[in-house]
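Protein chains in written order, with the working numbering: chain A, 45 to 256; chain B, 45 to 256.
For every residue, glycine included, the Cβ atom is placed at its ideal position computed from N, Cα and C.
As the structure is a computational prediction, the values presented were derived from the model and not from experiment.
Number of protein chains: 2
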Amino acid sequence: MQAKRGRSYHHGDLKQALRDAALELIRERGAESVSLREISQAAGVSHTAAYRHYADKQALLADLAEEAFRTLDRIHRRTIESTAGGPADQLAACGRDYVRFAIDNPHLLSLMFGNVIIDWHAHPSLVLAGQGLATTLETVVRAGQAAGVFRAGDPRELALAAWSLVHGLSSLIVGRRVPHRGAPRGYVERGTETCIKLLMGGISALPKQRRR
Amino acid sequence: MQAKRGRSYHHGDLKQALRDAALELIRERGAESVSLREISQAAGVSHTAAYRHYADKQALLADLAEEAFRTLDRIHRRTIESTAGGPADQLAACGRDYVRFAIDNPHLLSLMFGNVIIDWHAHPSLVLAGQGLATTLETVVRAGQAAGVFRAGDPRELALAAWSLVHGLSSLIVGRRVPHRGAPRGYVERGTETCIKLLMGGISALPKQRRR
DNA sequence: ACCTGAACACCGTTCAAGT
DNA sequence: ACCTGAACACCGTTCAAGT
Numbered sequence: 045m046q047a048k049r050g051r052s053y054h055h056g057d058l059k060q061a062l063r064d065a066a067l068e069l070i071r072e073r074g075a076e077s078v079s080l081r082e083i084s085q086a087a088g089v090s091h092t093a094a095y096r097h098y099a100d101k102q103a104l105l106a107d108l109a110e111e112a113f114r115t116l117d118r119i120h121r122r123t124i125e126s127t128a129g130g131p132a133d134q135l136a137a138c139g140r141d142y143v144r145f146a147i148d149n150p151h152l153l154s155l156m157f158g159n160v161i162i163d164w165h166a167h168p169s170l171v172l173a174g175q176g177l178a179t180t181l182e183t184v185v186r187a188g189q190a191a192g193v194f195r196a197g198d199p200r201e202l203a204l205a206a207w208s209l210v211h212g213l214s215s216l217i218v219g220r221r222v223p224h225r226g227a228p229r230g231y232v233e234r235g236t237e238t239c240i241k242l243l244m245g246g247i248s249a250l251p252k253q254r255r256r
Numbered sequence: 045m046q047a048k049r050g051r052s053y054h055h056g057d058l059k060q061a062l063r064d065a066a067l068e069l070i071r072e073r074g075a076e077s078v079s080l081r082e083i084s085q086a087a088g089v090s091h092t093a094a095y096r097h098y099a100d101k102q103a104l105l106a107d108l109a110e111e112a113f114r115t116l117d118r119i120h121r122r123t124i125e126s127t128a129g130g131p132a133d134q135l136a137a138c139g140r141d142y143v144r145f146a147i148d149n150p151h152l153l154s155l156m157f158g159n160v161i162i163d164w165h166a167h168p169s170l171v172l173a174g175q176g177l178a179t180t181l182e183t184v185v186r187a188g189q190a191a192g193v194f195r196a197g198d199p200r201e202l203a204l205a206a207w208s209l210v211h212g213l214s215s216l217i218v219g220r221r222v223p224h225r226g227a228p229r230g231y232v233e234r235g236t237e238t239c240i241k242l243l244m245g246g247i248s249a250l251p252k253q254r255r256r
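Structural data, given as structure tokens:
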């Protein structure tokens, strides 16, 4: 976490200072409402200094999105590690993690999945970080199939279905398409559990009577 | 479709001309990349003329999003009407409609669900159009429960789960988070069917052995 | 090597003025 | 009533210049 070179410039590490400033502003108001100029100002440099470290504004946003993808993936992997009940419980726990991450970081979810970053393919390491998230889910699905608790089929497609469910719910909550405030207490929580139940019911290899 | 007043102004109906021009530009390049000035230019008026008909750019975008919500809802209602096999088939058909709409109109889906429109609550008729979409799905879920083919539970939560699944898939496809081009032929189609199957497996009231 | 300041071509929005 | 054109305060980005 130290500057790689001397102290011949302002911040020791302007790139990290820009990241920090940008992340804070985006967390508050969303990437659409934050300009590169005010990020630079918040980092204490002139409005063109960022171009020494990023090709353009998109590159800075892509860097932050990449970090967010890796953070969420790390949360998933830790949860998988610390959940003892097998793949079904692990997948359900990851789903809850995902929704909680979205609720706690709504503007980050938009950055990761909205089209703030226009040309996704222009940022290969971002693509990789996104694929990492998908791969982790796929691993759990494969484990569940191997254990005979998840139904047969292409694991990538089953993982996609699981991802779609929790991502769709997160996206609807964050976008306020679903009553959030002003809804009966615990509505989001119960909606999440209903989604998880639907996922478990749909992915399970066991007949319905056997479960729970 | 006629101008409500005389021909004392350019287009007969500038508001509609603005809508048309905006919709075409957004379909091509996405709302984030289209300016109000070029929409006005495409409609053949000065860059401030739009303010006679919309409070600001957000209001124009909200108008288009509202139209898109109503279009998708109309598609759903027609599908429900023309699908004979009962609520399960109707819900599955709506899911396929939803994903197809997203693939055919990626930039519209972003407009409807991304955070291009910053203050969702500032546009009450847009909120209503969005709720209409949810209500239609809820109606099918209620019908399925009444017929005993869908499991018991709060129909709003079950409808939310169904919506989440197809919306999440659509959103991942449109955002290119899931291999689209360059993927094995029919990957999206098979992924969609896997999602629908998961939905049906999760929402069904019947034991697994009885289905299909 | 790293940062600044002026400059350029754009934005969204306002407002007085024209018909 | 409807539209225009100048003006304002912003953008992202480029580039010559400073240390």
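- Contact of A:His167 with chain B is not assigned, every C-beta pair being separated by 8 Å or more.
- For A:Trp207, the enclosing alpha helix (DSSP H) covers residues Pro199 to Val218.
- Cβ-Cβ separation between B:Trp207 and B:Leu181: approximately 6 Å, consistent with a contact (criterion under 8 Å).
- Using a Cβ distance threshold of 8 Å, A:Val184 and A:Gln134 count as a contacting pair.
- Taking C-beta separations shorter than 6 Å and ignoring five residues to either side along the sequence, the partners of B:Val222 in its chain run Leu216, following chain order.
- Residue environment: A:Gly88 is assigned as exposed (fewer than 16 neighbouring CB atoms within 10 Å of its CB, all protein chains considered).
- Approximately 5 Å separates the beta-carbon atoms of B:Ala112 and B:Leu152; this is inside 8 Å, confirming the contact.
- Within the segment 195-206 of chain A, contact with chain B at the beta-carbon level (separation under 7 Å) is assigned to Gly197, Glu201, Leu202, Leu204 and Ala205.
- Under the Cβ distance rule, B:Leu172 does not count among the residues neighbouring chain A, no pair being separated by less than 8 Å.
- Within chain B, the residues Gly158, Ser215, Leu216, Gly219 and Arg221 have their CB atoms less than 9 Å from the CB of A:Phe157, given in chain order.
- For the pair A:Ser84 and A:Ala94, the CB atoms are nearer than the 8 Å cut-off.
- DSSP, reduced to helix, strand and coil, places B:Ser84 within a helical segment of the structure shown.
- B:Glu72 and B:Ser90 have their alpha carbons spaced roughly 22 Å apart.
- Within chain B, Ala205 and Ser208 have C-beta atoms less than 7 Å from the C-beta of A:Cys239, given in sequence order.
- For the alpha helix (DSSP H) assignment, the uninterrupted runs of no fewer than 4 residues enclosed by the segment 117-184 of chain A are, from N- to C-terminal side, 131-148 and 150-157.
- Listed along chain A are Gly212, Ser215 and Leu216, each with a C-beta nearer than 7 Å to that of B:His211.
- Within a 10 Å sphere around the beta-carbon of B:Asp107 sit 16 or more other beta-carbons, which makes this residue buried.
- Looking at the DSSP output, A:Ser248 bridges to A:Phe194.
- Between B:Leu105 and B:Val160, the C-beta gap is smaller than 8 Å, which places the two residues in contact.
- In terms of Cβ geometry, B:Asp148 and B:Ile119 do not form a close pair [threshold 8 Å].
- Following the DSSP letters along the chain, one finds B:Asp57 in no alpha helix (DSSP H), marked with neither H nor E.
- With distances taken between CA atoms, A:Gly158 lies nearest to B:Gly219 out of B:Pro168, B:Gly219, B:Ala173 and B:Ala191.
- Assigned with DSSP and collapsed to three states, B:Gly188 falls in helix.
- Here B:Ile247 has Phe194, Arg195, Leu202 and Ala206 as same chain residues with Cβ atoms under 7 Å from its own Cβ, once five neighbours each way along the sequence are excluded.
- Under the three-state reduction of DSSP output, A:Thr92 falls in the coil class, being neither helix nor strand.
- Your pair B:Ala191 and B:Leu155 does not check out as a contact, with CB atoms roughly 36 Å apart and the cut at 8 Å.
- In the structure shown, B:Tyr231 falls within a helical segment according to DSSP collapsed to helix, strand and coil.
- At a cut-off of 8 Å between beta carbons, A:Ile83 makes no contact with chain B.
- Within chain B, the residues whose beta carbon sits less than 9 Å from that of A:Leu243 are Ala205, Leu209, Leu242 and Gly246, listed in sequence order.
- For A:Ala136, same chain residues with a beta-carbon under 8 Å away, outside a window of 5 residues either side, are Ile240, Leu243 and Met244 in chain order.
- When the Cα atoms are used, A:Arg229 and B:Leu69 turn out to be separated by approximately 42 Å.
- For B:Cys138, the closest C-alpha among the options B:Ala249, B:Ala61 and B:Ser214 is that of B:Ser214.
- Sequence-distant partners of A:His97 (beyond 5 residues in either direction) whose C-beta falls short of 6 Å from its own C-beta, in its chain, are Lys59.
- Per DSSP, reduced to three states, the secondary structure at A:Asp100 is coil, with no helix or strand assignment.
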